[in-house]
Structure formats: structure tokens, C-alpha cells
Amino acid sequence: MNPISKRRHMNIYQTDHTKTPEIFTLITAHKNEAAKRHLQQNPSEIALKGWMDDTPLHIAALSGNFEMVQFLIENGANVNAERSGLYTTPLCWADSFEIARYLLDHGATMDDKELYLATSRDKVAIVDLLLLKGAKIDPIAPQYLEGKSIGCLHIYLKHNIKIDGRDNRNSNLLHQLSWLDLPEVFDFAYNNGCPWEKDGSGRTPYDLAKQGQRTTILKHFKEQYPELISYKVENIPTHTYAFESVFFLRQSPTQSECFIGLTQNLKLVKYVVVNRELIIDQIAAIAIPMIRNFCFDQNGNILIPTADSQLLVLEPNTFQLLQIITLDSDLAFDQIEYLPSKNIFLGSASNWELVLLTDTYKVIRKFETEDGTMVPKISPDERLIAFLSYDQDTYYNLYQIDKDYNITLIRTFFKDWDNTSSGFSFQQNQFAVSFPYELEYYTFENGKPNKLWEMDLSEYTSKYNASYLACINATTLVVGKGKTLLIIDTEQKRITAELPLDVVAEIKNVYVDKDGEHLFVSTEKELQLIQIKEHNW
1 MNPISKRRHM NIYQTDHTKT PEIFTLITAH KNEAAKRHLQ QNPSEIALKG
51 WMDDTPLHIA ALSGNFEMVQ FLIENGANVN AERSGLYTTP LCWADSFEIA
101 RYLLDHGATM DDKELYLATS RDKVAIVDLL LLKGAKIDPI APQYLEGKSI
151 GCLHIYLKHN IKIDGRDNRN SNLLHQLSWL DLPEVFDFAY NNGCPWEKDG
201 SGRTPYDLAK QGQRTTILKH FKEQYPELIS YKVENIPTHT YAFESVFFLR
251 QSPTQSECFI GLTQNLKLVK YVVVNRELII DQIAAIAIPM IRNFCFDQNG
301 NILIPTADSQ LLVLEPNTFQ LLQIITLDSD LAFDQIEYLP SKNIFLGSAS
351 NWELVLLTDT YKVIRKFETE DGTMVPKISP DERLIAFLSY DQDTYYNLYQ
401 IDKDYNITLI RTFFKDWDNT SSGFSFQQNQ FAVSFPYELE YYTFENGKPN
451 KLWEMDLSEY TSKYNASYLA CINATTLVVG KGKTLLIIDT EQKRITAELP
501 LDVVAEIKNV YVDKDGEHLF VSTEKELQLI QIKEHNW
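Residue 1 is where the sequence shown starts when you use full-length UniProt numbering, and the numbers rise one by one after that.
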């Protein structure tokens, strides 16, 4: 029956959720004699459908009314009547073992949904019955992942079913139990073969518990599983490394030929420029759910935020973990920046807050931001900070830090939802901002940005509808769009060269070293080095 025809045949109860059939009310209230009399007087209502296409048998099963389940089946009710939604049959909604057994004994059929719902409702005896009757485990979303009690999980194990599977988000039972804040059930699952692993977003059960502020199980983890929740840095042999897209790259402050990249899969990669080639020298995997950036501290060590109240200090050549710094409990940074001339740190997290810290990590001030903040870029004089910000879309926000450490939002570079800024670069007290179709160049004077000029980039196309840029020197900047680099003279306000690149994927970012000698082009498939001095830019 097509949807239009079906709607013509619907009764008032199927189309108006505020109306409930009298027979449903009687069955739910267990007024069974009145319900039987009503059905004897209105026999067609044995198959009456209500909201979501429930039938009296669905209502009887759900309300645990075994007497009415028997009566309805004996008087011709369809044991496999289907309601709307995922869980369609009366068996799905059986509230007791005796109802489930009776329905099965009278022809109820099963798919994977009955076991799923019985498990999620912690109907232990029904779970046991369904498995005994041959219910199958869904390989895509195993039903035991909905288990909330030791008793329920014990039933699966009794039927020789391992509880170590994952769903389509790569989450396993430990992730679910952490989120539900159930430490005792977690222990049972862990001790019966469910492994401590990361989900599809790189989160461990501990990470999920932190994200959800599940205080009971967080305390339990720290007391019972300190070895599982400790941060680990694992070195990886360079010859086994398969390229991963680099979304953050930073030059070493003490070794100008060394550059540290952070990949999308949270690996640190040390690149060294040797004889005009980019060589991978060191790789380490960081056991942290999310890192948006890192910085070098006042000693030249790598400082990594953990999205927790801790910072990891790594030796920059070997990536050896030197120290774990514990911050105040409310500081859960996922990015951090060091401002050397001010000798302070700037931290931020997903709570839309900026925090200034001393060089000993004591809080100076906190500021709420207008939007989320990522990947800070600092002006040479450390007066200005540009964040790739987010609120439904991404775009750059410009902030100012004054001498008293006040942080103020200066400008949001946002034109429209399909025309937001994607590139930003400082050059002394000037800066450039790129949009999908335009480039704008500013100077910062008297506490505000003043636009000097703008340039049309619409003839250059990009799959991602974005452009990326970096200032090479006082008069030259480079814009990456698609698979082409545009070299722009900021004094002449024109494109002086176009450089098509031999790359597999489109440009996702460009970086210039502090001496203006090396240009790095990052795509999803490669990191390419270009010697700036070899070109007449």
C-alpha cells in the first residue's frame, strides 16, 4: 500500500497521538474483565491500531498483562502484528519471561531486534530465553553492547558468546559502560574478555568518561586501572610508517632544519631538511584522544595538551616523555601556545575559553570567547592572535592581547556561510586573510585592522572551496588553491607567478619557515618541500 492510500485507511488513533483507544487504557490498567467485555462487544478491536500502529497485543505485552496476552491470542490476535519503528512485534515489547515464552510458543518469530531491546531493557530472563530459542547476534551491532548489568552479560557468556565485539562506530562494551558510569559492570566485562581499545574517534573508555564527566567511573579508573589511563608515547620505526596527513607543522626553535608535524591519527613526525630533501627522522604515536596543536616551551621541549588537566613534555629529538605536568582540575586544554617574549602560555579547549598561564603554569586570567578556537597564529610582536574559530562553520577570528594581559576580540572574518575565511598569515604589523574567492590584506594600527587592498581569486578553483596562505617575506605571500600556488607581490598588489604542483591531492595548508627559505605544502596525501630561493619570487 502506498503512503497516500495507507493514510486514507488510518483511523483517528493512528493520526492523532493525543487520542488513546479505550481498550488500550483498560489493558494498561490491568482492568482485564472490563477489557474482555469491551472486546466481546467490539470484536474488530482485537486488531485495532493506535498511535505508531500499536495493537492491543503490543499494549498487553508492554504492560506485562499476561492474562490479556493469552486472551488476545486465543481470540485471533496476530502474534506477529507489526507496529511502526524498529521494534515492531509484540515479542519485542514483552515485559516478562512468561509473556515472551507464551508468544514464542504461539508462533512469534524473531530477528535481531527482540534480543537488542530485551538487552537494553535489562530483561535478563528474556535474553536467556531468546538465546535459547536461537536468537542470532548481529555482527554489525552486537546486542550485548546494550548490556547494563552483570546478570545480563553473564547470560551471553553462558551461551558461549564472546562480548568483545564492536559497533559501526568501532565502540565496544567498555565504551558503553564508561559512558553509562557503571564501574562494577565495567569490571565484569573487562575481566571477561572485552578489551581496552580506542573507538573510531580515537577515544578510550577513559576518554569517553572524561568527556561525559562520569565522576563515579573516573574515580574507579584512577584507583583500579592507573596503568590503562596513563599517557603513553610509543616510538614507531620510520621504515614502517605509512604517510598520514599533517594538519599541524611547527619549526624547532633550536634546530632550524627540524620540523615537527602532527598527523590526523595523532602521530608526531620529525622531519629534517637534508640536502634540499625532507627526511623523516623520528615518529611517535601519542595515546591521547584529541590534540589540536602543540608548542615548544621555554626550554625547547615539545609541550602537548591532553584534553585533560595534564600536559606532556617531550624531548624534541627522541620524543621521550620527560614529564607530565598537572594543571588545575578545570583546565582541560586540547591546544596550547607559548609566547616567548611575554614568557606566558595561552591554553584553550572546547569550552570556548582562553586561559593565560605563567611559565610555571599558574593561571593569570581566563576569558570567554565568542566562538570555538583552534590552531592559534601569533603575530611577531605577540600583540595579535588569529584563531581558526568555529560555530557551525570555520573562519578566522582576530584577538588582541594588551600589556595588562586582557584579550579582546577585534574582528571576525566571515562573509557568508559559503564564503568564510580559510587562510591567515601575519607579516609584522600586517596580515593577509584568504577566502574561497578573495584575498584581503590589512594593516593593524590604532587598535583596529585597516584593509589596504583586496584581490579577486574566483578564477582559481578548489574542490574544498578554500584557499590557504603564508607570508614569505615583507613583500611576498603565497596562496595555495586547488593544486596551484599563487605568488603575490603585496606592494604591487598582483599575482606575479603561478606554480602548478605535481601533487596527488589538493592543497590543505601551506607553511613557511622562520627564515623564509622553505615552503611546505600539505595535502591529504603528501607533504611537499619547495626551496624558496630556487624561485624568483
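Positions of the beta carbon are idealized from the N, C-alpha and C atoms, including for glycine.
In chain order, what residues of the same chain lie with their CB nearer than 7 Å to the CB of residue i, ignoring the 5 residues before and after it?
i: Ser-5; result: Caution is warranted here: a pLDDT of 48 is assigned to Ser-5, below 50, making its placement in the model unreliable, and the coordinate value is therefore given only provisionally. Within the same chain, Ser-5 has no close Cβ partners at all.
i: Asp-95; result: Ala-61, Leu-62, Ser-63 and Gly-64
i: Pro-183; result: Thr-216, Ile-217 and His-220
i: Ile-12; result: Lys-19
i: Glu-534; result: none
Is DSSP giving residue i helix, strand or coil here?
i: residue 538; result: Here the chain covers residues 1 to 537 and nothing more, so residue 538 does not appear.
i: Asn-509; result: strand
i: His-535; result: coil
i: Lys-525; result: coil
i: Phe-24; result: helix
i: His-17; result: coil
i: Ala-94; result: coil
i: Glu-315; result: coil
i: Ala-349; result: coil
i: Phe-243; result: coil
i: Gln-320; result: coil
i: Ser-389; result: strand
i: Thr-216; result: helix
i: Ile-140; result: coil
i: Asp-281; result: strand
i: Ser-5; result: Note that Ser-5 scores a pLDDT of 48, beneath 50, so its modelled location is shaky; the value from the coordinates is reported in the next line. Correct three-state label for Ser-5: helix.
i: Tyr-405; result: coil
i: Phe-520; result: strand
i: Ile-126; result: helix
i: Ile-161; result: coil
Could you say which of the options lies nearest to residue i if we only look at CA atoms?
i: Asn-191; options: Tyr-206, Lys-113, Asp-207 and Leu-173; result: Leu-173
i: Asp-381; options: Thr-373, Leu-388, Lys-366 and Lys-403; result: Lys-403
i: Leu-527; options: Val-503, Lys-533 and Trp-537; result: Val-503
i: Cys-471; options: Ser-171, Leu-485, Trp-352 and Ala-135; result: Leu-485
i: Asn-293; options: Lys-362, Ile-286 and Pro-305; result: Pro-305
i: Glu-277; options: Phe-259, Thr-263, Met-290 and Ile-291; result: Phe-259
i: Tyr-87; options: Phe-97, Ala-77, Lys-113 and Lys-222; result: Lys-113
i: Glu-498; options: Tyr-511, Ala-466, Trp-537 and Leu-519; result: Trp-537
i: Tyr-511; options: Thr-318, Gln-531 and Leu-354; result: Gln-531
i: Gln-320; options: Asp-515, Lys-232 and Gln-298; result: Lys-232
i: Asn-397; options: Glu-370, His-38 and Asp-199; result: Glu-370
i: Glu-517; options: Glu-506, Leu-529 and Glu-524; result: Leu-529
i: Gly-300; options: Lys-342, Thr-254 and Leu-519; result: Thr-254
i: residue 554; options: Ser-178, Ala-141 and Cys-152; result: There is simply no residue 554 to check, as the chain begins at 1 and stops at 537 in what is shown.
For residue i, collect the residues of the same chain with a Cβ closer than 6 Å to its Cβ; drop the 5 residues on either side in sequence, then sort them by chain order.
i: Lys-493; result: Trp-453
i: Ala-432; result: Ser-425, Tyr-441, Leu-469 and Leu-477
i: residue 538; result: Shown here, the chain extends from 1 to 537; a query on residue 538 therefore has no answer.
i: Asp-53; result: Arg-83 and Ser-84
i: Phe-435; result: Asn-419 and Ser-421
i: Cys-295; result: Leu-303, Ile-336, Glu-337 and Tyr-338
i: Ser-379; result: Phe-426
Which partner residues does residue i have in the DSSP bridge list?
i: Gln-427; result: Gln-430
i: Cys-471; result: Leu-477
i: Gln-492; result: Answer is none; Gln-492 lacks a bridge partner.
i: Pro-305; result: Leu-311
i: Leu-357; result: Phe-345 and Val-363
i: Pro-237; result: Partner(s): none; Pro-237 has no beta bridge.
i: Pro-500; result: Thr-484
Looking only at its own chain, which residues have a Cβ that is under 8 Å from the Cβ of residue i, when we skip the five neighbours before and after it?
i: Lys-133; result: Leu-104 and Met-110
i: Lys-162; result: Gly-193
i: Glu-491; result: Thr-475
i: Ile-27; result: Ala-35, Pro-56, Ile-59, Ala-60, Ser-63, Asn-65 and Met-68
Would you give the residue range spanned by the alpha helix (DSSP H) that residue i belongs to?
i: Trp-196; result: Trp-196 -> no alpha helix (DSSP H), and no H or E assigned at all.
i: Lys-158; result: 150–158
i: Lys-133; result: Element bounds for Lys-133: n/a, residue is neither H nor E.
i: Arg-37; result: 32–41
i: Thr-119; result: 113–120
i: Glu-227; result: 226–229
i: Tyr-206; result: 205–211
Identify the continuous beta strand (DSSP E) that holds residue i and give its terminal residues.
i: Ala-466; result: From DSSP, Ala-466 is part of no beta strand (DSSP E); its letter is neither H nor E.
i: Trp-453; result: 448–456
i: Met-290; result: Neither: Met-290 is in no beta strand (DSSP E) and is coded neither H nor E.
i: Met-68; result: It is not in any beta strand (DSSP E) - Met-68 instead sits in the alpha helix (DSSP H) that spans 66–74.
i: Glu-438; result: 438–445
i: Leu-262; result: 258–263
i: Gln-335; result: 335–339
i: Leu-268; result: 267–274
i: Pro-376; result: 372–378
Would residue i count as contacting chain D if we go by Cβ distances under 8 Å?
i: Thr-216; result: Structure shown: chain D not included; a single protein chain is present.
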